């Protein structure tokens, strides 16, 4: 199948070609017709499978008909990086339309965001906290929203955003289309979905296990030898971009500093960094200025960087879902990737849980 067969406006099909899309991914092929029909959709697919275009193309198709100048689609995402990524994809896919999008998130000035909102936009991509700030200040009128998207809903639960999301829901019109996308679906998010979606179509691509193009390796190691093992591995292994996960912000910073002392082009990404510093780290990692990015789970959410050859769990994640999300940063769009996990003795129960999901030792 190709995008011409999905009943999309020719201008959107042309934009997919300009963006380098050759054919729809499975989530796009299944979700786009349902969204075009106006159905509520619960989409479950692994990270890196093309969920953004799966909801954004049919939303753009819908908004091309009707009035311009006020918000008609609201996409809520858990992190600044993901909000910006969705906004950039929206501008790219909607480049041949008159539709306007803006990203609303914290860590930057509200003044410029207010200026853009006053000029008029049809699509708002926002993180919950900053969106509520603007709503409280009277800067955003959501009374005309026709489509709501909750993206990476499982992360919103993990990060404690559920009360904020419920406040946002109460401000929206009752009559609207609702789309909820996630890589994993814990019971709490399923309960949220049941409360938001009306007779939804379910689209699930694969399981919530890591993508099949990723190979997995486990290195039993003592805590004191982790950094030596990492340095040896980076010295001996051909890599492209490497994403390393640590448990805490301090460990991310300290590990990045140690790698830098050993001659590696490395940067760290932590949750309490200013937005400008976060963006500098991500941009540097994307453009090759830094070959290695050391990050915590929360800081790395929403990062969409192609060409990550290796994800290294310097510290074992706390849950299988967290493992899935970390590993989803490599092997994107069916590319090959390698996942490496350093495991100390106390990690053994989580190792067994991951092995059950993988279906192999």
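Numbering (our numbering), first residue to last: 39 to 399. Glycine included, C-beta positions come from ideal geometry on N, C-alpha and C. Given the structure is predicted, the values throughout are model-derived calculations rather than measurements.
Option nearest residue 183 by Cα separation, candidates 393, 314, 49 and 114: Working through the chain shown from its first residue, we reach residue 183 at position 145. For residue 183, the nearest C-alpha among the options comes from 114.
Residue range of the unbroken alpha helix (DSSP H) whose run includes residue 178: Here residue 178 refers to the residue found at position 140 of the chain shown. Unbroken run through residue 178: none, as it is neither H nor E.
Where residue 219 falls: helix, strand or coil (DSSP): The count along the chain shown starts at 1 and reaches residue 219 at position 181. If DSSP states are grouped into helix, strand and coil, residue 219 belongs with the strands.
Validate contact between the stretch 102–113 and the stretch 153–169 using beta carbons, cut 8 Å, 3 pairs: yes
Short Cβ contact (8 Å threshold) for residue 359 with residue 224: Working through the chain shown from its first residue, we reach residue 359 at position 321. Working through the chain shown from its first residue, we reach residue 224 at position 186. Yes, these two residues count as a Cβ contact at 8 Å.
Residue interval of the alpha helix (DSSP H) (run including residue 87): To locate residue 87, count along the chain shown from 1; it is residue 49. Secondary structure note for residue 87: it is in no alpha helix (DSSP H), with a DSSP letter that is neither H nor E.
Residue 136, DSSP secondary structure in three states: Residue mapping note: residue 136 aligns to position 98 of the chain shown, counting from 1. Coil, per DSSP.
Pairwise C-alpha distance: residue 189 and residue 166: Translated into positions along the chain shown, residue 166 becomes position 128. Translated into positions along the chain shown, residue 189 becomes position 151. Taking the straight line from one Cα to the other gives about 11 Å.
3 or more residues per run - each beta strand (DSSP E) lying fully within the stretch 281–325: 304–307
Counted within 10 angstroms of its Cβ, other Cβ atoms place residue 132 as buried (16 or more) or exposed: Reading the chain shown from its first residue, position 94 is the one you call residue 132. Buried is the label assigned to residue 132, since at least 16 other Cβ atoms lie within 10 Å of its Cβ.
Reduced DSSP category for residue 356 - H, G, I as helix; E, B as strand; rest coil: In the chain shown, residue 356 corresponds to position 318, counting from 1. Of the three classes helix, strand and coil, the one that applies to residue 356 here is coil, per DSSP.
Between the CA atoms of residue 306 and residue 331 - distance to the nearest angstrom: For the purposes of this step, residue 331 is taken as residue 293 along the chain shown, with counting starting at 1. For the purposes of this step, residue 306 is taken as residue 268 along the chain shown, with counting starting at 1. Their Cα atoms are separated by approximately 6 Å.
Stretch-stretch touch, CB-based, cutoff 8 Å, three pairs: the stretch 377–389 with the stretch 255–265: yes
Residues near residue 79 by beta carbon distance below 7 Å, same chain, minus five either side: Along the chain shown, read from residue 1 onward, the residue named residue 79 stands at position 41. Once the five neighbours on either side are set aside, the close Cβ partners of residue 79 are 69, 72, 73, 217, 238, 239 and 241.
Cβ neighbours of residue 350 in the same chain (closer than 6 Å, five flanking residues each side left out): As a first step, residue 350 must be located in the chain shown, where it is residue number 312. The residues are 282 and 378.
Identity of the residue in 122, 294, 76 and 129 nearest residue 186 by Cα: Within the chain shown, residue 186 is the residue found at index 148, counting from 1. It is 76.
Residue 257 and residue 293 closer than 8 Å at C-beta: Position 219 of the chain shown, counting from 1, holds the residue named residue 257. Position 255 of the chain shown, counting from 1, holds the residue named residue 293. Cβ atoms of residue 257 and residue 293: not closer than 8 Å.
Alpha-carbon to alpha-carbon, residue 63 and residue 259: In the chain shown, counting from the first residue as 1, residue 259 sits at position 221. In the chain shown, counting from the first residue as 1, residue 63 sits at position 25. C-alpha separation (whole angstroms): 39 Å.
DSSP state of residue 380 mapped onto helix, strand, coil: Residue mapping note: residue 380 aligns to position 342 of the chain shown, counting from 1. Strand, per DSSP.
Meets three-Cβ-pair contact criterion under 8 Å: the stretch 86–106 and the stretch 143–155: no
Reference residue 116, options 192, 162, 52 and 151, closest by Cα: Locating residue 116 in the chain shown gives position 78, where the first residue counts as 1. For the residues 192, 162, 52 and 151, the minimum Cα distance to residue 116 belongs to 192.
Cα-Cα separation, residue 273 to residue 348: Here residue 273 refers to the residue found at position 235 when the chain shown is read from its first residue. Here residue 348 refers to the residue found at position 310 when the chain shown is read from its first residue. Cα to Cα, the separation comes out at about 14 Å.
Beta carbon of residue 142 nearer than 8 Å to that of residue 162: Mapped onto the chain shown, residue 142 falls at position 104. Mapped onto the chain shown, residue 162 falls at position 124. Their beta carbons are under 8 Å apart, which means residue 142 touches residue 162 by this criterion.
Residue 211 classed as buried or exposed, judged by whether at least 16 other C-beta atoms fall within 10 angstroms: To locate residue 211, count along the chain shown from 1; it is residue 173. So residue 211 ends up on the exposed side.
Of the listed residues 344, 354 and 346, nearest to residue 334 (C-alpha basis): For this step, residue 334 is matched to residue 296 along the chain shown. Residue 354 is the option with its Cα nearest to residue 334.
First and last residue of the uninterrupted alpha helix (DSSP H) at residue 232: Taking the chain shown and counting its residues from 1, the one referred to as residue 232 is at position 194. Per DSSP, residue 232 belongs to the alpha helix (DSSP H) from 225–234.
Best match in 90, 233, 392 and 49 for proximity to residue 254 [C-alpha to C-alpha]: As a first step, residue 254 must be located in the chain shown, where it is residue number 216. The shortest Cα separation from residue 254 among 90, 233, 392 and 49 belongs to 392.
Cβ-Cβ distance between residue 243 and residue 65 below 8 Å: As a position in the chain shown, residue 243 is number 205, starting the count at 1. As a position in the chain shown, residue 65 is number 27, starting the count at 1. Yes; because the gap between Cβ atoms is below 8 Å, this pair is in contact.
Beta-carbon proximity list for residue 235, same chain, < 7 Å, skipping 5 on both sides: Here residue 235 is taken as the residue at index 197 of the chain shown, counted from 1. If we look at residue 235 and ignore the five residues flanking it on each side, its Cβ neighbours are 78, 80, 216 and 218.
Helix, strand or coil at residue 157 according to DSSP, with G and I counted as helix: For this step, residue 157 is matched to residue 119 along the chain shown. In the structure shown, residue 157 sits in a helix (DSSP, three-state: H, G or I).
Start and end residues, alpha helix (DSSP H) containing residue 240: Against the chain shown, residue 240 aligns to sequence position 202. First-last for residue 240: 239–243, but that is the beta strand (DSSP E), not the alpha helix (DSSP H).
Bounding residues of the alpha helix (DSSP H) (the contiguous stretch that carries residue 125): Numbered from 1 along the chain shown, position 87 holds the residue referred to as residue 125. Counting along the chain, the alpha helix (DSSP H) containing residue 125 begins and ends at 118–131.
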